[in-house]
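Just so we're aligned, residue 1 is where the sequence shown starts under UniProt numbering, counting upward by one.
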Amino acid sequence: MGNSLGSATNGPVISVEDARAHISDEEYKRLHAAFAGFKKPFINFDEFCYHVLGGAPIPEDKQRELFKFCSRNADTLSFDNLLTALVGLCRVEHVQEHFIEECKEFASWGLRPPLLTIPMSDSYISFYEVMSYVTHLSVEEVMELEKVFATISDRSVCKLSKDRWDAALCDCFPEKFSNQLFRVFDENRDNQIDFRELVCGLSAMCRGPFPSRLSFLAKLWDEDCDGKLSDVELEQMYEDLHVPSKDRTVVKSAGDKAATVDFATWANENEHAKEYYAMAMEIGHICLGLRPESHIVGLALVNSFEQRSKDLPLPEWNIVSSIWHAEWAKAATEGKTPPPVDNSSIKGTKADDGWSGKVAVACLSLESANLRADLTPKDYIAVPSALWRAWLRWHGSAQSVDGQFTRKRLAGEFFPDGKEALELYPMDILLLGHDKKKLKDVDGIQQTSPWACAQVSRSCTVDELLQLCRSELRLGDGDARLWLVGDDGNTLLDDGRRTLHHLTVKGKRVNKFLLELRDANGVWPEELRASLTGTQISSLACTTGRPGAVGLVNSGNFCYRNAAIQCLARVSPLTEYLLNEASLSALKKGDTNNNESFATTLEYSKLLKEMWAAKKKNISPNSFNEAVRFADQFDDGEQHDCQEFVSFLIERFHTCVARIEHQSSVGNSESTEETGESEATTSDNDDSSCDEAATDEEKAEKSWERYIRDNQSLVTSLFSGQLRSRLICRKCKSSSSVFEVFTSLSLPIGFENVELYQIIVVRRDGSVPRRYGFRLPRDCTVSTFKGLVAEATGVNRNALTIQCLNKRGYSMNPINTEDDAPLSSVPSGGRLYALHLPEDTPEWRVAIHRKLQYNHEPYFLGAASGFVVTQFGLPLIVPCPPNITGKELYEDVMSQMRRFMDVSSPAISSRAHDPSEDISFGYPFSLCLVDETWGWCGQCPALRFCRGCAIRPDSTPAGIPENCGIAVDWLPIALYLKYNHSQELACEDDESVAETWSRHFAPSSLEHCLEKFSCPETLDALIHCDTCNEKTKRDKVMTIWRLPRYLIIHLKRFEFLRSEGRMGKCKRVITFPLRHFDPAPFVDGNGEKSKYECIAIANHYGQLSSGHFVAYARGNDEKWLLLNDCSVREVTEEEVDRAGAYLLFFERKD
């Protein structure tokens, strides 16, 4: 590098003192603060590239050369070396000359060296300064309003919706006035208020000249937003303000309409608009966050607001100390600064029941403090929440914590005297949980310990408390439930509609609840405890004494078993048979041979006997589970399919019942079985010889007779039906049929290999974009999709380009939208756009909106790290023929953007001055040439740290290189005041959007599933056809031939997705009747009308590996029960959840 520049041995490029002399104190502080962020004395090469060079696309060899120069050939870089090197390269001429001499690649730095860190005075004007400049508000007021806006708006879109507006106003104002004022603030009429609209509206309504404020009020009645009041609008204004006829004298200076200034003049001469003006001031300052101009103004606003709201039936109020309120009023009257809000005089002791201080627990509720027990009405006042929040903004709080008391107004049922009142003393609750870190107790279950606390209203329901736990403890959708902890044991809270007021013990300061989570093995710890100890689980549901209304404790991952048992138990003939003492004795005799089927059926019979005795709310089926354990397919303790378990039980029941019936009818069972087998073989041989000539009716009857002869039992008479399987030659249409027996009918429910896609088509004429909906196969390509979009829109497919934006609005990798790319390559959450291409030239480019946001964090090089590059908005398509001029390019972009640019000046200005009201002098943006990252220049060398060279907006050729994109860089003031994000994203929906959405998510019906069951399926293999005398394609058709007495329908919700290599669940809702179901239209055989009624449903929730089964069952009294493991609750027919149905049990009633 030359001795004059120093070396690794002779010190830095220039001295630290010389470096300090070439920069300001502010610049030095920023450089030092940037280095201090590393929290170490040295940085390495990678940190140098990212933080010093700002991630600029500089070749690695150049990066290393710069690092060697700055570090003086060392492996790490100190602050002093970095400081002297950067200042020398950016500010010291002789250092620049010597560096360029030895490093020719950096020659461009001779004319334009890198820009050192930018002082604050040279930075872009901030948004707060822009808004202060164009309104009557100060920078500090705008910044404070932004903080308030963040608390009252919808953070997901950073806008104030109508619902959030109503919440901010706390129902303290007339509904009509509230709606009118919302419309006035919503300047762009998108039914949302953004921060710019809020600031400008508050400026016009609450600041500036008094006549201008009254002119703003006139907009309340300007329904057509033309800035004038018609006769109809004036009449409505007179009615709302209750103006007598003699005073209805507003002048009409705008032809046949009154200008807003006419209303202001009229309102200033009388008192009719005084009330509306007062309400507007209260909303602006108390509800929306604008700080009053003085303490005296604030006092007047609060007094008016308190008087207006004191008798309102608001659901929530905040309690404030009367002592502080008096101090505040006295100070405000005298024009002095009021003291911070202080509720210490009404604060009581914390109810902890002895656990506080021993263990730290989280508080789930926003508040946990209690009021004094001896509180009297003179000690406090109740104010709406909006006023409480305003006081905290204006004066702060004297208590860092536990200084807020929000109380609900409850109905008389929650108080001993039966009168409606404020709930001054809500419930303090302690949530316990099973602590895995603690040793297990004597029952082998984890001990419980405090988990969280909360303060909740007595009107809170069990479901609401559980939802609070889920959201605050981030439990997600995992299985969780609550127990009330009592001195005599715990009670399962299985009735979510109960309020805590009716559950808790009176006189207790703290009520304890156990929050129980199902573990990874699907086991409820408390149910396992009950199973191991044989104890009874107490619950809220009152079903004791009803036969069969008994819960089953889930001591393992056995919810599928419990649901299956509860459903099968509703098959009355089988249940009555197994409850019979003779059957029980026969089962015991059969069990002596250690037959697994007899063991399972015997334990099931004993379980039914205990369930039908109904002496307990729930029982532990330990003996039954032990008998099932010997079955290979269910001995692993894992989650299994409820339908498979039902089929397993039916098979075992049949084996036992058939043998018992056989033994009772024949004395010598062995000789009878041998004779029967011989006869069956002979009969089968005889039947097979004439099967070919028989009709399907004859085949079906003979097949059924053979099945009954070999499998005669009560079980087959209840559950067995018959299917016909036909193979149809696709050439000659001849067919052959075989018949088979079923006990459960598995129906497809429409697991379609399609996805729902929506795309927004943006035309170049500036019209409102239109959204279209499509349902397409998962393997559909972008090219096919483009053709369908072209057909739907009437635009030539070659005049469309598909672009994809991610959730943040950034343009995504073009590879995802190439013609041969599958649509499935579009990431989840990506937004698809079809952009109309220029028709007069095949050459075009994508233009992206870009904002260079000033970086307030400490940084080193101004061009590299001084700005954060942010993309936003929809991409634009601009023509780029070789001869296009810069002016033509700017005009084309401008014409496409007029749709979402605010180019009109409001009739009543909410601004002090707006320098961008008239944009005729130029364009509010610059078009810059950028690379594929949209962050750096597309034609300058990387060492220039250029963010993009601007295209001149004149008649000279634009000269756009082939490898460059175009960035639309907005001027800050124009972006803040003119760019309407809501209008840009607005689009109209084509009818296809609703139609495809409905088809994709609309419920299907059980009848539709039966139709799909019988749809032909073409087989892959060729089969010889006797009629054609050759191998031909065959269609296989399955149809129902004979219906059983008890029809079990299995809705096939799980299916293997080959394209994704996993099992998927179809959550489509299947509608079905609970009564008068007639499947006869889908029966080929004896299709006489048959009325079925649903007697039980097994529902599945969640996914295959981590789901949960519950059962719904109809009792003998026609009342429905929800049976969720150990919990049993009576529900109405309307409350039966059919959306998650997995197994349906129907009983024939005719």
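Note that beta-carbon positions come from the ideal geometry of N, C-alpha and C, so glycine has one too. Computed from a predicted structure; not experimentally measured.
For this session: Express the C-alpha separation of Ile1048 and Arg1042 in angstroms, rounding to a whole number.
Result: The straight-line gap from Cα to Cα measures roughly 13 Å.
Exercise. Would Val968 be called buried (16 or more neighbouring beta carbons within 10 Å of its own) or exposed?
Worked result: If you draw a 10 Å sphere on the C-beta of Val968, you find 16 or more other C-beta atoms in it, and that means buried.
Exercise. For Ala362, is the classification buried or exposed, using 16 other Cβ atoms within 10 angstroms of its Cβ as the cut-off for buried?
Worked result: Residue environment analysis places Ala362 among the exposed positions, since fewer than 16 neighbouring C-beta atoms fall within 10 angstroms of its C-beta.
Exercise. Taking Cβ positions, are Ser344 and Ile381 nearer each other than 8 Å?
Worked result: It is not a contact, given that the beta carbons lie outside the stated cut-off.
Problem set entry | Residue from Leu366, Gly403 and Ala386 whose Cα sits closest to the Cα of Ser457 | Nearest neighbour of Ser457 by Cα position, chosen from Leu366, Gly403 and Ala386, turns out to be Leu366.
For this session: Would you kindly report the start and end of the unbroken beta strand (DSSP E) that includes Tyr577?
Result: Tyr577 -> not in any beta strand (DSSP E); alpha helix (DSSP H) instead, spanning Ser572 to Leu579.
Exercise. Whose C-alpha, out of Val550, Val95, Arg372 and Lys588, is nearest the C-alpha of Pro621?
Worked result: Taking Pro621 as reference, the option from Val550, Val95, Arg372 and Lys588 with the minimal CA-CA separation is Val550.
Problem set entry | Proximity below 8 Å, CB of Ser992 to CB of Tyr772 | It is a contact, given that the beta carbons lie within the stated cut-off.
Exercise. Along the chain, where does the beta strand (DSSP E) that runs through Asn188 open and close?
Worked result: Neither: Asn188 is in no beta strand (DSSP E) and is coded neither H nor E.
For this session: Using a threshold of 8 Å, state whether the C-beta atoms of Phe598 and Leu607 are closer than that.
Result: Phe598 is not a Cβ neighbour of Leu607, given a cutoff of 8 Å.
For this session: Look at the alpha carbon of Ser783 and the alpha carbon of Arg797, and state the distance between them as a whole number of angstroms.
Result: When rounded, the distance between both Cα atoms is 9 Å.
Problem set entry | Nearest-angstrom Cα separation, counted from Ala300 out to Phe173 | About 17 Å.
Exercise. When burial is assigned at 16 or more other CB atoms within 10 Å of the CB, is Gly922 buried or exposed?
Worked result: Gly922 comes out exposed.
Problem set entry | Backbone secondary structure at Pro450 - three-state DSSP | In the structure shown, Pro450 falls within a strand segment according to DSSP collapsed to helix, strand and coil.
For this session: Consult DSSP for residue 1190 and reduce its assignment to one of helix, strand or coil.
Result: Residue 1190 is absent from the model: the chain starts at 1 and stops at 1150.
For this session: Tell me whether Val401 is buried or exposed, calling it buried when 16 or more other Cβ atoms sit within 10 Å of its Cβ.
Result: Exposed, since its Cβ has fewer than 16 Cβ neighbours within 10 Å.
Problem set entry | Of the residues Thr1039, Asp224 and Leu823, the one placed nearest Ile759, counting alpha carbons only | Here the closest residue by C-alpha is Leu823.
Problem set entry | DSSP-derived helix/strand/coil call for Glu556 | Note on residue identity: the sequence assigns Gly, not Glu, to residue 556. Gly556 falls in the coil class under three-state DSSP.
Problem set entry | Through-space distance from Gln983 to Val762, alpha-carbon basis | The straight-line gap from Cα to Cα measures roughly 13 Å.
Exercise. Can you find at least 3 beta carbon pairs, one from the segment 186-193 and one from the segment 150-160, that sit closer than 8 Å?
Worked result: Of all C-beta pairs linking the segment 186-193 to the segment 150-160, three or more are shorter than 8 Å, placing the two stretches in contact.
Exercise. With distances taken between CB atoms, is the gap from Glu47 to Phe38 smaller than 8 Å?
Worked result: Taking 8 Å as the Cβ cut-off, Glu47 and Phe38 qualify as a contacting pair.
Problem set entry | Between the CA atoms of Leu1074 and Glu1134 - distance to the nearest angstrom | The straight-line gap from Cα to Cα measures roughly 10 Å.
Exercise. Excluding sequence positions up to five away, which residues of its chain have a Cβ less than 6 Å from the Cβ of Ala386?
Worked result: The answer, listed in chain order, is Cys170, Ile286 and Cys287.
Problem set entry | Span separating the alpha-carbon of Glu526 from that of Ala569 | Answer to the nearest angstrom: the Cα atoms are 25 Å apart.
For this session: Check Phe38 in the structure and name its three-state DSSP category.
Result: DSSP places Phe38 in coil when its eight states are reduced to three.
Problem set entry | Residue closest to Glu27, alpha-carbon to alpha-carbon, out of Leu312, Leu83 and Asp61 | Minimum Cα-Cα distance from Glu27 among the listed residues Leu312, Leu83 and Asp61 corresponds to Leu83.
Problem set entry | C-beta contact flag for residue 1173 and Val341 at 8 Å | Past the boundaries of the shown model lies residue 1173; the chain is included only from 1 to 1150, so the question cannot be answered.
Exercise. When DSSP labels each residue in this structure, what does Lys252 get in the three-state scheme?
Worked result: Lys252: coil per DSSP, three-state reduction.
For this session: Could you pull out every unbroken beta strand (DSSP E) segment of at least 3 residues lying fully inside the segment 457-511, listed in chain order?
Result: Annotation: the segment 457-511 contains the following complete segments of the beta strand (DSSP E) (minimum length 3 residues), in chain order: 480-486 and 489-492.
Exercise. With DSSP run on the structure shown, which of helix, strand or coil describes His272?
Worked result: Judged by DSSP in its simplified three-state form, His272 adopts coil rather than helix or strand.
Problem set entry | In DSSP terms, what Val1136 is bridged to | DSSP lists no bridge partner for Val1136.
Exercise. Does the Cβ of Cys1028 have 16 or more other Cβ atoms within 10 Å, making it buried, or fewer, making it exposed?
Worked result: The residue in question, Cys1028, is exposed, as its Cβ has fewer than 16 Cβ neighbours within 10 Å.
For this session: Have a look at Leu578, Asp765, Thr716 and His640 and flag the residue whose alpha-carbon is nearest the alpha-carbon of Gly1107.
Result: Of the listed residues, the one whose Cα sits closest to Gly1107 is His640.
For this session: Just the C-alpha distance for Ala390 and Gly298, rounded to the nearest angstrom, thanks.
Result: In a straight line, the C-alpha of Ala390 is about 10 Å away from that of Gly298.
Problem set entry | Alpha-carbon spacing of Lys1149 relative to Asp1078, whole angstroms | Rounded to whole angstroms, the gap between the alpha carbons of Lys1149 and Asp1078 is 11 Å.
Exercise. What beta strand (DSSP E) runs, 3 residues minimum, are completely inside the segment 1029-1090?
Worked result: Within the segment 1029-1090, complete beta strand (DSSP E) segments of at least 3 residues are found at 1030-1032, 1034-1042, 1046-1052, 1054-1057 and 1062-1065, given in chain order.
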